[in-house]
Structures are given as structure tokens and as C-alpha cells.
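S.K.: My structure is below; once you've seen it, I'll send some questions.
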Amino acid sequence: MRDFPSIADEAARTRALDISTSFIVQAPAGSGKTELLTQRFLALLGQVSEPEEILAITFTRKAVGEMRERVLGSLRMALDAEPPAAPHLRTTWELARAALANARRQEWNLLEHPTRLRIQTIDALCASIVRQIPYFSRLGGQMAISDEPARLYRQAAMQTLEELECPHVRTVLTHLHNDMERACALLMEMLQRREQWLHHIVAARKADRAALERSLAHVRSSYLLELQAGLDEATVASLAELAAYAASNLDENHPLARIDWSQGLGFEAAYTGAWIALSSLLLTQKGTWRRSFTKNDGFPPPKNALIPAIKALLQELAASPQAENLCWALQALALIPATYDDDQWPVLHAINELLLKAVGHLWLVFGRSGCVDFSQMSLAAVEGLGSDDEPTDLALKLDYRLNHILVDEFQDTSASQYRLLRKLTAGWQPGDGRTLFVVGDPMQSIYRFRQAEVGLFLQARQQGIGNVQLEPLSLSVNFRSTAAIVHWNNQIFSRVFPAVEEISSGAIAYSASSAFHGEAEGPDCAVQAHLLPTAKAQEEARAILACIEDIRSRHPGETIAILARNRTHLDEIISLLKGGATSFSAIDIAPLAHSGAVRDLQIITRALCHPGDSIAWLALLRAPWCGLTLADLQLLTAGADGRTLWQCLQEATCVEPLSADGQARLLRIRPALIQAMEERGRQGLARWVEGTWRQLGGPAFLERPAQLEDARVFLHILHSLEEEPFPEIQHMEEALASVYCSEDPSADSSLQLMTIHKAKGLEFDHVIIPGLCGGSRSESKPLLAWHEGPHRSADMELLLAIARRGRDQKESSLYEYIRQMHQRCMENEQKRLLYVACTRARKGLHLFARLRPDRSGEDWASPRSGSLLRHIWEQLQPLAPPLPDAPEAEEQQQAQPPVPLKRVHSDWQIPRVAPRILPNLAITPAQHDEGEPQPEFQWAGEMARLVGVLFHQWVRRLGEKNERESLSGDMEELRKNLRWSTYQLGVPHELRASVVERTITALGNMGVDQRGRWILSSSHQDSRWEYPLTGTDQRGHIVNIIIDRMFIDDQGTRWIIDYKTGQHEGGGLEHFLREEQQRYAPQLERYGFLAGKLGPQPVRLGLYFPFHQRFVEWGVGEGYGSS
1 MRDFPSIADE AARTRALDIS TSFIVQAPAG SGKTELLTQR FLALLGQVSE
51 PEEILAITFT RKAVGEMRER VLGSLRMALD AEPPAAPHLR TTWELARAAL
101 ANARRQEWNL LEHPTRLRIQ TIDALCASIV RQIPYFSRLG GQMAISDEPA
151 RLYRQAAMQT LEELECPHVR TVLTHLHNDM ERACALLMEM LQRREQWLHH
201 IVAARKADRA ALERSLAHVR SSYLLELQAG LDEATVASLA ELAAYAASNL
251 DENHPLARID WSQGLGFEAA YTGAWIALSS LLLTQKGTWR RSFTKNDGFP
301 PPKNALIPAI KALLQELAAS PQAENLCWAL QALALIPATY DDDQWPVLHA
351 INELLLKAVG HLWLVFGRSG CVDFSQMSLA AVEGLGSDDE PTDLALKLDY
401 RLNHILVDEF QDTSASQYRL LRKLTAGWQP GDGRTLFVVG DPMQSIYRFR
451 QAEVGLFLQA RQQGIGNVQL EPLSLSVNFR STAAIVHWNN QIFSRVFPAV
501 EEISSGAIAY SASSAFHGEA EGPDCAVQAH LLPTAKAQEE ARAILACIED
551 IRSRHPGETI AILARNRTHL DEIISLLKGG ATSFSAIDIA PLAHSGAVRD
601 LQIITRALCH PGDSIAWLAL LRAPWCGLTL ADLQLLTAGA DGRTLWQCLQ
651 EATCVEPLSA DGQARLLRIR PALIQAMEER GRQGLARWVE GTWRQLGGPA
701 FLERPAQLED ARVFLHILHS LEEEPFPEIQ HMEEALASVY CSEDPSADSS
751 LQLMTIHKAK GLEFDHVIIP GLCGGSRSES KPLLAWHEGP HRSADMELLL
801 AIARRGRDQK ESSLYEYIRQ MHQRCMENEQ KRLLYVACTR ARKGLHLFAR
851 LRPDRSGEDW ASPRSGSLLR HIWEQLQPLA PPLPDAPEAE EQQQAQPPVP
901 LKRVHSDWQI PRVAPRILPN LAITPAQHDE GEPQPEFQWA GEMARLVGVL
951 FHQWVRRLGE KNERESLSGD MEELRKNLRW STYQLGVPHE LRASVVERTI
1001 TALGNMGVDQ RGRWILSSSH QDSRWEYPLT GTDQRGHIVN IIIDRMFIDD
1051 QGTRWIIDYK TGQHEGGGLE HFLREEQQRY APQLERYGFL AGKLGPQPVR
1101 LGLYFPFHQR FVEWGVGEGY GSS
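So that you can map any letter, position 282 of the sequence shown is 282 in full-length UniProt numbering, and since no number is skipped, the others follow by simple counting.
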């Protein structure tokens, strides 16, 4: 029988399976926390009456899928009669057998009905709560989660700032020198993070300034407790004695001299002033322990006998494990004021009121758009459960049904998610059989930018969550990495991490691991530091490629990951990998805007939306589908004479000077551009751009299949911008900024490039970490500095400070405290980020950094502030190579060869699908009408054309957003939006007012007409607006069409409806309608023929005339209609 090694933390793992007790488990990297969670879940399944009594929560859909598969896989494994040999698998098997036995007794049929297992993300939990309480959550019906919430924040921010009659708006704008864009950016940032401050400001509004100043007092008290925890009585007495002596030698106005030291030192609020005064004696202006003392500090010469005493005392403090926390506590007390400054309070108060107003506007934006952000879903769920004193019916229902909660990755919990857990467990009492089981690793908390607050893990471990006390457990065995890597991590990070934990700044003490696997060759073989005597990123990239080749030669088939802190650290590496034809997989690395397909689509978007954008039009004409030479482009622009390039393209006098090849290229694409500009405003932005891209042959120039997905994502972003009355290019670029290219499914997964954040939860045989010397991005000072976090003496406190108005003004001490607190939190997270990267490796770890000499040239310079190397430089410095004899020579800049012009032949045609390839009944989405004969427009002048375009555009918008009710009320908001649309359409100034009013009339008529409201209703089955189809018509020709309106009514009839904004004045209206029906009948018959292939429903055709509120309808092939 095979012997299995014992597990050092077996007792803790066994203890965690006691389902009568609540636990908080610290599970370091590679410790098998997912298996422990699975075992706990199975143990509960073996005892509960219903599986729905158990709720398992995690933070990603991937983790949910993994855990669900673990549980179901364990249940399937338990069907085998023979238990596994490995002890941990045998434990899982036994628990799963007991769960299956209980399931059979209760007739759950879990394997046939796995959805009864409640394993979900915390966002999904919030959404399920909100769906059950639409009124209390203030979200009404079911809301989708927005992919681009920044766009919604901007709308709410601008609507808030447009209320110029509001005194709070005027106060804030005056403080910002009427910088509307800066004010908008402030509100957008605060709205994004409102779950951290909203409940504080709502609560503080009742007591106003006093409530926020109580937060100042609470935070000061927490630092007094920090001092009390780190100083013994003898030290405190010595400090008071030395302070009294110094005070006796100082001027009466000195802070030390103003304190009555005969009372000694205490830790109540009354002693705050004494500790603040003492900080000026103990600390330098930079916040470090003082090393020397003079008469200015209260220690006059000659040799003062007390100077050695105070130096010895400070040396003792500096050497203690609490030194860093004590030093910071003294600094913090000196920085945090007792009250807010009278000069700044009016602005701060105005911002608070403005933030509440902005939240109100955001709710309205959410309602109009039908989607929310994740924060709103979380806030709504918390609010929907009520308060501890007044829980809602749903809270009571959950309290009755929910008996056990398991939470994974608890270190990534945000403040609102923490409050949700408190609400869910508010009615629980000790000994009632209900349990909370939270698992996480605070050493891997790296999502502060997503509002994760690691201090909550420490607080829960110390104080529990609400009424639930948690027994702390710690796992220590690492099942992932070799002994050499585990040993190296223990050696390094035990010195890097803080010695003592601190809740407010998220300081986490290191918890050592022990390796499950046997000893390897030694740390030097498994972990290698590549400290390169060069400042050039390209040299580092070459060294990394050599490292990859070495690993692959010695360990073929093993996985390699390059994990970077910033995506820019991978630029040179990717360039060399592509140049060497090395296959690799890059996950969320290349910005979507860098994709070739997206660049082409951006060019088309800018050119179509802004005909005067010369750069965009030049790029469009230079692109492969046209490929004009620089000489031809110069000739084209030379003849512009104040005209736009789009106007030049249409005039023979501008085109004739071009070369014969240039003329041929231009004339080939010009029809597609003319057709696109004629469709301006007729379709949605995304459909318009995509159709033009396809007409130009854009898909033929894709470099890889994944770029088609990139194009789809970009067009989805454009579609989201269509809700704005006048989509701006700036908004498009902002939406693209945080989106990345799709992963190539054919890429080699054995070599992966990703950020450290993306690698969280993954593991690889070999890990390479480049760019350790790179600093973090410098952050600009925000207008409003704020901080929310847990403290020793309180739950969560919010501090707010306003930035100075002028450069000559000094920042307030509170602003400086918040800035320094953020810096401390960031530094602590940087250490954890490096830990996460290093613990992804199973067999090999390679650290790369570039070194530069210091100013003297005699030693290597210290790593820059904010770099990961700075945290481990003390341990790696002995491994640094000797300085080179001569300074690194600058490489001679070589002239870059000209980029070859990539273009098709001048007579190239877009590939078309042969008719035989497309089955007779095949219909697919299309974008533009090609080759379809159009009815003759005898009446249509420029005014009528513009009204028709605007009417079609807004009928679609109002219908898709289900806002037909807005047509029967105040039309002023719609009139404002229509006016904006006329700018987008390029309506001449003299026609603008008339076009808007006529469109308002047509829309208003439709909104009050019974048949018009029926057409506008979005409740129909298969409801479509501006629906594109491609198919074969009655003659077998491939045609592309766009149907204004299509739906299936309650009787099962499919309707094809076209809007006609023509007007007939005078008598003979019936004759006019009959003529219009005859004119458009062939076109609609073709539409009906194609639409009939979509399903078995009968098809009827119709023309709707909004100016006359008349509807003409007929069946396919019936001829004249009825009205």
C-alpha cells in the first residue's frame, strides 16, 4: 500500500469541517482552499433538510464554475464503491457519500437537478435579491449590467452641473474657476465609487457637519488605541518625563510647553493634544524617528544627561516590531484636525450636496437606459434588505431559509459587500445552528482599485461579522510549488511584509508556508534573479527570450507565463516574440484601439461623423481598400481651397490632377462613400459604420480571425453611444480605453503573457516577472481627497478633504493625511502584488530587473520609488553584477526603413458570395441595400428628406427604449435632443428650426394615434427596428434590405411596416394614399417575400403616414390596401 506524507496543518483542515461552528480561514497561495470549501459544502449537504439552505459565494463566474464542478464531480466520484487511496480524496469521497445518502432520503436528485446547489457570484446574489424586491431596491423591473458605466456617469454628472441655478453647483464651479470638465471628472470618479461614501453622506446629512467631524474624532481615537497597543507603561512614563523636561526649556508658545505634563500621558481623547505635541519631539519633518536633539528641541548644552536616555528610548522604539505603526500613529494624530476648516467647509458641504444630487440623476439615467452598474446592484441589495431594526419581508424570508453561508476570496470584499453579509446574518444568534464560513488570503489582496478593502478581513478575524463570531484558522501547506520556491518566498516575504498588522492601512503580516512536495535542488536552481547592467528595455526583452529558449530546451512541454505589473512592460517582449515568429498567447494585453480592424473602423467613424476631419479622411484614403500614394494625397489636398476632403472627392476638378492609378482607386470606392453619406442619420451609428466598412471591403484585410471579434466589440461600443443625442469621438475613445483585443484561440497556450492581476488564481510551471525596476504611474492630486476604511475603534469611517484652490496655497493637514494614507495602502498592496506573482510558479521563478549606476558611478542606484524591486532590493542587492568599466554606450540611431504601403490592386473588387452558395431560403443580417431599385421620389425635396431621416432615427430610438409615453407629454426635452441631431445630420442653419418642428409634429401625431402607438409598442413578439436582411428575392437575386418596422402581433401575423413622412395638402387624400401605396408596393412586396422565410407566420404589409395619422395595409400579393 502506498504511503502518503502527513500534512502539517491537518488539524486545522479537520477542524474546518465542524459544521456547527463559524470560521474565518486564512489560506495562502497553493494551500488548497477550493478543496476545503468543497469539503465544507459536502459536509453541510450531508446534514441539511434542503440544499437551498446553503449559499456559497465567490467573486468570479470562473470560480463559481470551478466550485460547482468540484462539488458535482465529488458527488459523481462517490458513486464508486471503492474509496480513493489519497487521504484528502478519501475525505472528500466520504463526505460526498454522506451527502448522497442524505439527498436520497430527502429525494433531492442533485445529480439530475444540480441547479438546486446555490453557488453564485456575489453580483448574482445581489441581482437575485433586487429582482425579488423591485420597490425597495428602487430599480423597478429587472435591470441589465452596463458594459460602459462611465458613459452613464458622464450623463448624470453633466445633468447635475447643468442645474446652474443650484447654489451648490455655483459654489463648486467657482472653486474650480468654472472648469466644467474638471467638475464633471470629479463627479464621475465619485459616482464610480459611491458605495464607499454614499451611506456616510446620507447619514451625515441629518447632522451635517457634526457627523463628519465625529468621524475625525473616531479616527483619532483609533490611533490612540494603536499607541496604547504598542507602548508599555514604563515607556509611556519615560516619554512623559522627557517631554516635561524639554517643555521646561522651551518658549511658552511651543507646542510642548502648552501641555501640562504633570498629568502624565493617557490614551483617552483628552490626551490627543499631548501626543500631537510629543510627535514634534520624537519625529522629523519627514516622519522618521529623530536621531539628534538640540536646544531648539528642549535639550540645551553642555552635554545633557537626558540626551542619551531619549536616544536610547527612540532606538528601542525604532527596533520594535510596532515601530512603523507607532511612527505612523504619531504622524496621523498630528495631521488629523479636530474640526473642519471654516474656509473650506462651504465648498466641502456644497460637494456633499452635489454628490447626492448626482446620485439622483444617476438613478434617472439608469431608469432611462434600462441598465445599471455593479455598485448600484450591490447598494440596492443592501437597501432592499432593510435595517437591523426594520428588516424587509425578504430579509426575514432569507433569514428563515438561509442557514449556512460560505464565502470564497473574502480578502477581496468591498465595504458594501461586507454590509450585505452583515444584513444576511443579522438575525443569527450563537448556538442556533447557523454558520458562516469565510476563506481567503489577505496576502493576496490586490484589488484595491476595485474597492476591495483588505482591512475588513483583519477586522472580521478580530471582531467577527455582526452577531457572528468567527473562529480563526490558518492553513500552511503549499501543494503547488516546489520546496525551493516555498523556502525562497518565506525568506524574502517574511522581511518584506510588515511585522505587525494594521487595519486602517491594510498592513498584512506574512504567514509562512511549508512545502508538501519534497526538497528540490535548492533555491538558486528554482529561483533566479536576472539583474541586468543595462537601462534598455530591449536588452531585458532579449534576455527574457533567451530564458524562454533555455526553459523550453531543458523542460519541453512545460508551461511558461510572463507576468507583468503593467502592460507596457510587455511591449518590447511582444515585439521580439513576433519578430522571431514565436507563438504565444496574450490575454487582455493589447488595447482594442491597437487592433488593425478597430483602427480601420475608428477611421471610418471619424470620417463619417465629422466630414471636416481631414486626418480621418486622409487615413481612410490611405487605407488598403483605397491605397492612394502620398503624392496623390498631396495633389488632392492642394486643390481643396477651403473645402473639405469629402467635398473634393465629389468634384472632378479635384480628382483629375491625380495619377491614373489614383483616379481609378478613388473612383472605385467613391460610390460606397456617397451611399454612406446619403445614409447619414438614417441608421444607427454602429450599423452605419459597419455597413460602410463592409462596402469598402474592410473584412478582407483582417490579419487574424480574432480581429473579427475585435470589430464586433468595437461596434457594440458604438451601439451604446447611439443613446447620446450627438455621439462624440472623445466618448468613443474613452470607452475604448479599458477594452482589450480578443485572445487568439489558435495561439500557443504553453507561453502566456498577462498582467499579475489577471494571473490571480492561476499557476504555471515557470514564471517570468519582467520590469521589476519600473515605477508605478504617478497620480495627480484629486480635487476631493477621501478615504473610507475600518479602524480599531469604529466600523468604517469616511474622511473628506478639499484640495487647495490656488498653487500658492498649502494643502490642509487633513488632505495631506488622506494622501499619505493612500500612499501607505498602495505600498502595502505593491508588496502583496509581488507575492501573488511569485506564488504562481510551480517549478521555476525568474525575476528580471534593469540596473543603472548612481550619480557617483561607483555603485548601483537604489530602485526608484514605487517599483517592485525596491521592496526586495535589500535581499537581491548582493546578487547584482559588478559595475561595467565604462558607461553603457548609446546605440547609434539607424534610419528606419519606410513603411511599405499595404494596398490592393486598383481594380480590386469586394468578394461576393456566388448565388449558388446561398440557399434559396437563407437569410442573414446585412447592413446596406445593394442594387435594389428604389421608387421614384417626385415630391421629395431637401426639407422632406431631412424630416424623413430625423423621423426614422427617433422613432427607432423611442421604440427601442420603450419611451412612447414621452410623445404624449412635454415635448421640450425631445425638441432639445432633435436639435442636437440636426447638427449631426449637417442640417443647414436656415432649415434647422423647420426640420425640428415638422419632426416633432410627426412624432407627436404618432404618439397620440391609436395605430401609431400600436406600431411603436415594444411588447410585440420578435420586435425589430431598422432590421437588415440579406436573401434571394422572387427572381433569385441576392438583395440586401432594411425594414423600418417588423413584429408579430397577438394574432400571430408578421407585420412589415414602412414610415412615409410625405405630406399631401388640399383635397384628394385617399387618392394620394393610393398612389403612395402603388409606388411602394413592389418594394414592400420584396420585403414581405424575404420576411416570409423567417417563419411560418402570415405576412401583412403596411405604410404609415404620421402627418396624416393614416395606415395603409395589405397582404403579400393582394394589391391595393385598406386604411
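For every residue, glycine included, the Cβ atom is placed at its ideal position computed from N, Cα and C.
Quantities reported herein were computed from a predicted structural model and do not represent experimental measurements.
(1) Is Q39 near L17, with beta carbons less than 8 Å apart?
(2) With a CB to CB cut of under 8 Å and the five nearest residues on each side skipped, what residues in its chain are close to S279?
(3) Taking the straight line between their C-alpha atoms, what separation do you get for F1111 and F1105?
(4) Just to confirm the assignment: which complete beta strand (DSSP E) runs, minimum length 3, are found wholly within the region 456-494?
(5) Any idea what DSSP makes of L531, helix, strand or coil?
(6) DSSP state of F1105, grouped into three classes?
(7) From this set, P705, Q155, I669, P770, which residue's C-alpha is nearest R694's C-alpha?
(8) Alpha carbon to alpha carbon, what distance is there between I492 and H218?
(9) Report all residues from its chain with a CB closer than 7 Å to the CB of K758; omit the five preceding and five following residues, and keep chain order.
(10) Buried or exposed: S49, going by 16 or more other Cβ atoms within 10 Å of its Cβ?
(11) Using the Cβ count rule (16 or more neighbours within 10 Å means buried), how would you classify A338?
(12) Can you give the Cα-Cα distance for R864 and L187, rounded to whole angstroms?
(13) Taking only the alpha-carbon atoms, compute the straight-line gap between I1042 and E733 and give it to the nearest angstrom.
(14) Can at least three beta-carbon pairs, one atom from the region 999-1016 and one from the region 1028-1041, be found at a separation below 8 Å?
(15) How about L833 and I769: are their beta carbons less than 8 Å apart?
(16) Three-state secondary structure (DSSP) at Q877?
(17) Where does M826 fall in DSSP's three states?
(18) In its own chain, which residues sit with a C-beta less than 8 Å from the C-beta of T482, not counting the 5 before and 5 after it?
(19) Take P28 as the anchor and find which of G298, E1070, G384, I508 has the nearest alpha-carbon.
(20) Kindly indicate which residue of P671, A837, A535 has the alpha-carbon position closest to the one of P884.
(21) Taking all protein chains shown into account, do 16 or more other C-beta atoms lie within 10 angstroms of the C-beta of L630, making it buried, or fewer, making it exposed?
(22) Just checking, does the region 173-189 make contact with the region 370-385 on the three C-beta pairs under 8 Å criterion?
(23) Could you give the first and the last residue of the continuous alpha helix (DSSP H) run that contains W428?
(24) Would DSSP call H404 helix, strand or coil?
(25) What number of angstroms, rounded off, separates the C-alpha of K1060 from the C-alpha of E1026?
(26) Could you tell me whether the region 558-574 touches the region 836-856, using the rule of 3 or more Cβ pairs below 8 Å?
(27) Name the one or two DSSP bridge partners that P853 has.
(28) Would you list, in sequence order, the uninterrupted alpha helix (DSSP H) runs of no fewer than 4 residues that lie entirely inside the region 1008-1060?
(29) When the Cα atoms are used, what is the spatial distance from T14 to S22?
(30) Which residue wins for smallest C-alpha separation from K781, given the options Y815, H952, A12?
(31) Quick check on the DSSP output: what are the complete beta strand (DSSP E) runs of length 3 or more inside the region 551-591, in order along the chain?
(32) If you follow the beta strand (DSSP E) that residue 1126 is in, where does it begin and where does it stop?
(33) Please confirm if the region 597-611 is in contact with the region 709-721, defined as three or more CB-CB distances below 8 Å between the two stretches.
(34) When DSSP labels each residue in this structure, what does S222 get in the three-state scheme?
(35) With DSSP collapsed to three states, give me the class of S49.
(36) If you draw a straight line from the C-alpha of R957 to the C-alpha of G1115, how long is it?
M.R.: Looking at the atomic coordinates:
(1) Yes, Cβ-Cβ distance for Q39 and L17 is below 8 Å.
(2) L330, Q331, L333, A334
(3) Inter-residue distance for F1111 and F1105 is about 6 Å (C-alpha atoms, whole angstroms).
(4) Listed in chain order, they are 471-474.
(5) strand
(6) strand
(7) I669
(8) 36 Å
(9) I587, D588
(10) exposed
(11) exposed
(12) 33 Å
(13) 29 Å
(14) no
(15) no
(16) helix
(17) Judged by DSSP in its simplified three-state form, M826 adopts helix.
(18) A515, H517, A520, A526, R842, K843
(19) The shortest C-alpha separation from P28 is found at I508.
(20) A535
(21) It counts as exposed.
(22) Short answer: they don't touch.
(23) Where W428 is concerned, there is no enclosing alpha helix (DSSP H), given that its DSSP letter is neither H nor E.
(24) Secondary structure at H404: strand, using DSSP grouped into helix, strand and coil.
(25) 14 Å
(26) Counting C-beta pairs with one atom in each stretch, the region 558-574 and the region 836-856 have three or more that are closer than 8 Å, which means they touch.
(27) W860
(28) 1010-1016
(29) 14 Å
(30) Y815
(31) 560-564
(32) No answer is possible for residue 1126: the residues shown for the chain start at 1 and end at 1123.
(33) The region 597-611 is in contact with the region 709-721.
(34) helix
(35) coil
(36) The alpha-carbon of R957 is positioned some 28 Å away from that of G1115.
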